[in-house]
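Residue 108 is where the sequence shown starts when you use my numbering, and the numbers rise one by one after that. Presented below is the structure to which this report refers.
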Amino acid sequence: MVTRLRRKFPIGVSTTDAMTFLNEAFRKLNQTSKGGYIWQIKHTTLTAPAGVATDISLPADFDPGKSAWLRTTTTSPTAGVTLTTIPYRSPQDFYLQENFTSMGVGMFSAWSYKPVFTLTAPTSYTWALNLKPSSAYPLVANMVFDFAYHSVSFPAFTMAANVYFPTPDQFDSLIVDLAEAEYSRIYGRAGWEKIQQQAMQGIMEIIDTYRSDRWDLAGVSDLVIQAQERTSDKTK
């Protein structure tokens, strides 16, 4: 991809600059889907320590704006009962889970997350996961979860024979085109708007295939169609 990009500029582009603009193009590609792409999904394990409820630190690259999934594992002390996916709830619905007044230990009905701010210098913030209801505590032993989430960022890729962008091959030419448009925009080369527009159009044509929420969207679309059909039947 570096070689392809350099060939587009007769004045010559260094390999370092070419890689910089390809990384920028990849970053912009990741921003084009509100629901996230399948290559942004990562897996890790989280542990709720034995004892009373406490914040569970989420990965540093956790994206709070996209879907995530939490599931108990076979190493959990109550795995025979709770080996299932625990649904995410918005903050308001999350606290309604306290309506469950009598739950078994480790029998969690929902999870949510919150920001944790450090206001003293150097200021920073992280994300922490919480579980409800409170009556599912205290845990008799550590409880381990499998956590799948969208990563908010990728480290800059370097030029090497064994280094590739984690995108399907269909995106290679689009990433190169976006990089060409960005380079041309910064250095005042005419026609960058058209190149960028064509690349974005190409992305829009294949974006649905690689969105990580495509099955959810398909289900919503089916419900909308069914509702429209029912409404149509009522008006006949």
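Cβ coordinates follow ideal geometry from the N, Cα and C atoms, glycine included. All figures in this text were calculated on a predicted structure; none of them were measured in a lab.
Under a three-way DSSP split, which group does residue i fall into?
i, result
"A243", "helix"
"G158", "strand"
"F215", "coil"
"K149", "strand"
"K135", "helix"
"F116", "coil"
"R196", "coil"
"L165", "coil"
"G187", "Confidence is the limiting factor: at G187 the pLDDT is only 48, short of 50, which leaves the residue's position unreliable, though a coordinate-based value still follows. Looking at G187 - three-state DSSP - the assignment turns out to be helix."
Can you check whether the CB of residue j is closer than 8 Å to the CB of residue i?
i, j, result
"I145", "S319", "yes"
"V283", "R178", "no"
"L165", "A235", "yes"
"N269", "A155", "no"
"T161", "F252", "no"
"A175", "Y195", "yes"
"I302", "E287", "yes"
Given that a residue counts as buried once 16 or more other Cβ atoms are within 10 Å of its Cβ, and exposed if not, what is residue i?
i, result
"F254", "buried"
"M108", "buried"
"N137", "buried"
"I313", "exposed"
"F224", "exposed"
"M126", "buried"
"H257", "buried"
"Q358", "An answer regarding residue 358 cannot be provided, because it is not within the stretch 108 to 343 covered by the chain."
Using 8 Å for Cβ pairs, my map puts residue i next to residue j. What's the rounded Cβ distance?
i, j, result
"K173", "Q204", "So it is not a contact: roughly 22 Å between Cβ atoms."
"G158", "L246", "6 Å"
(request) Give, in chain order, every unbroken run of the beta strand (DSSP E) that is at least 3 residues long and sits entirely within the stretch 249-307. (result) For the stretch 249-307, the full-length beta strand (DSSP E) segments reaching 3 residues or more read 250-257 along the chain.
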